[in-house]
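Peer 1: Got a structure here, written out as structure tokens. Questions coming.
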Amino acid sequence: MLKKLTVLIEHHVDTEDDMLILNAFRQNDIKHVCQAIRDVKTEDVVYQHVTLRFGSRGEQSVYRFELSEGMRFALDLYSLYLALRQSRFQIDTFHPSLLNHIVVPIDANALLWRKGHEALHQMLALDKRAFRFVIPSLQIQVPEKSHPQLVSLVARIRAHAGALWFDISIPCQQLEFIRKHLPDRVKLAISLDSKTDRHALLPVVRFLRTHKMPWVAGRVASQGELSQYRLLGATHYFGYFSDIPVSMSFKPLTVQELLGLEPEFTE
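The sequence shown begins at 108 in the working numbering and counts up by one.
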């Protein structure tokens, strides 16, 4: 699986930044950083949030660069694969009571892409049990013509993943889709520093309250900001002031582990 994803990344280099990312990938410098998602009331760790970073301290997000669409999609698939590997590591290492679900943001368009559809099929065939501890947090900004395929994707993720989250930004144009396909949780990443953003957040918060939908506040910058999110109704949060992201690294699966499990990958 890793070999197939490597081929995808190598075949989608169209910009200078794509090449920069490819070189970092070849040097094994692109990894997940993992950050605890905590309950806003108890401070207990409930989930683990993972994102792709690179740099000596994992300080740079790969998505801050001017990447081509193909490269972004390929990286999203690689991120999902790493989440699956982390899930398997947890299952094999920890007591069941210590397992956390792993939340991985991913552009729904990457999974609607033909190669993404095939890659998801492979990952499910590779380790269905581990996928049960993965929570895809779908970014659902897809063309309206692709909504039927998105509905099918949502159903597939519900059937196989630990839960279904939607990862939304402000202003949100997808409230009607969210209403029709209520996720288990919504994740919001927004700063309260901007007056414009605060005003744009309020109708989304009212919508979430109306539909009794739990939501996660992301990138919380301070205890004061957390208090505001708590008052607004957030059930969970993650942020730099409470937990420093930790770089994760796993060895690829062996040939023996993959034998008989990995279907052919169509280029």
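Ideal Cβ placement from N, Cα and C applies to all residues, glycine included.
Please read all numbers here as calculations on a predicted model, not as lab measurements.
Determine the burial state of N216: buried for a count of at least 16 other Cβ atoms within 10 Å of its Cβ, exposed for fewer.
Peer 2: buried
Peer 1: Three or more C-beta pairs under 8 Å: does that hold for the stretch 115 to 128 against the stretch 300 to 315?
Peer 2: Flag = no, the stretch 115 to 128 and the stretch 300 to 315 do not touch.
Peer 1: Spell out a yes or no on whether the stretch 269 to 276 and the stretch 298 to 309 are touching, meaning 3 or more CB-CB pairs, one atom from each, closer than 8 Å.
Peer 2: No, they do not touch.
Peer 1: Short of 6 Å in beta carbon distance, which residues of its chain neighbour E332, apart from the five on each side in sequence? Order them along the chain.
Peer 2: L299
Peer 1: Using the three-state DSSP reduction, which class does D291 fall into: helix, strand or coil?
Peer 2: coil
Peer 1: Suppose only complete runs of 4+ residues qualify. What are the alpha helix (DSSP H) ranges in the stretch 210 to 239, listed by chain order?
Peer 2: 215 to 219, 221 to 233 and 235 to 238
Peer 1: Enumerated in chain order, which unbroken segments of the beta strand (DSSP E) with a length of 3 residues or greater are wholly contained in the stretch 271 to 335?
Peer 2: Here the runs fully enclosed are 272 to 275, 292 to 296 and 322 to 325.
Peer 1: Taking the C-alpha atoms as reference points, what is the distance between L191 and A237?
Peer 2: About 6 Å.
Peer 1: Do three or more CB pairs link the stretch 276 to 294 to the stretch 243 to 255 at distances below 8 Å?
Peer 2: By the C-beta criterion, the stretch 276 to 294 is judged to be in contact with the stretch 243 to 255, since at least 3 inter-stretch pairs fall below 8 Å.
Peer 1: Straight-line CA distance for Y188 to Y336?
Peer 2: 31 Å
Peer 1: Could you check whether Q281 and Q248 sit closer than 8 Å to each other, using their CB atoms as the reference points?
Peer 2: yes
Peer 1: Alpha carbon to alpha carbon, how far is S354 from D199? Give it in angstroms, no decimals.
Peer 2: 19 Å
Peer 1: Between R326 and R221, what straight-line distance do the alpha-carbon atoms span, to the nearest angstrom?
Peer 2: 32 Å
Peer 1: Can you give me the Cβ contacts of C141 inside the same chain, cut-off strictly under 6 Å, excluding the 5 residues immediately before and after it?
Peer 2: Q155, V157, V353 and M355
Peer 1: Quickly, what does DSSP pair K138 with across the bridge? List them, please.
Peer 2: R160
Peer 1: Pick helix, strand or coil for M178, following the three-state DSSP scheme.
Peer 2: helix
Peer 1: What is the DSSP secondary structure of I128, counted as helix, strand or coil?
Peer 2: helix
Peer 1: Count the other C-beta atoms from every protein chain shown that fall within 10 angstroms of the C-beta of R160, then say buried if there are 16 or more, exposed otherwise.
Peer 2: buried
Peer 1: Does the separation of the CB atoms of S253 and L219 fall below 8 Å?
Peer 2: The answer is yes: Cβ separation under 8 Å.
Peer 1: On a Cα-Cα basis, can you pick out the residue from L260, D125 and H208 that is closest to R145?
Peer 2: H208
Peer 1: Residues in its own chain within less than 7 Å of P212 by CB, not counting five upstream and five downstream?
Peer 2: T158, S244, Q246 and D274
Peer 1: Could you tell me the alpha carbon to alpha carbon distance between I137 and E173, rounded to whole angstroms?
Peer 2: About 16 Å.
Peer 1: Where I128 and N135 are concerned, what is the direct C-alpha to C-alpha distance, given to the nearest angstrom?
Peer 2: 11 Å
Peer 1: Please name the residue or residues paired with Q155 in a DSSP beta bridge.
Peer 2: A143 and I209
Peer 1: For V169, count neighbouring Cβ atoms within 10 angstroms of its own Cβ and tell me buried if that reaches 16, exposed if not.
Peer 2: Under the 10 Å beta carbon count, V169 is surrounded by 16 or more other beta carbons and is classified as buried.
Peer 1: Could you say which of L231, I297 and D350 lies nearest to A268 if we only look at CA atoms?
Peer 2: Nearest C-alpha to A268: L231.
Peer 1: Just the Cα atoms here: how many angstroms apart are H224 and I297?
Peer 2: 30 Å
Peer 1: Output the distance between the C-alpha atoms of A266 and E150, rounded to the nearest integer angstrom.
Peer 2: Our two residues, A266 and E150, have alpha carbons roughly 30 Å apart in a direct line.
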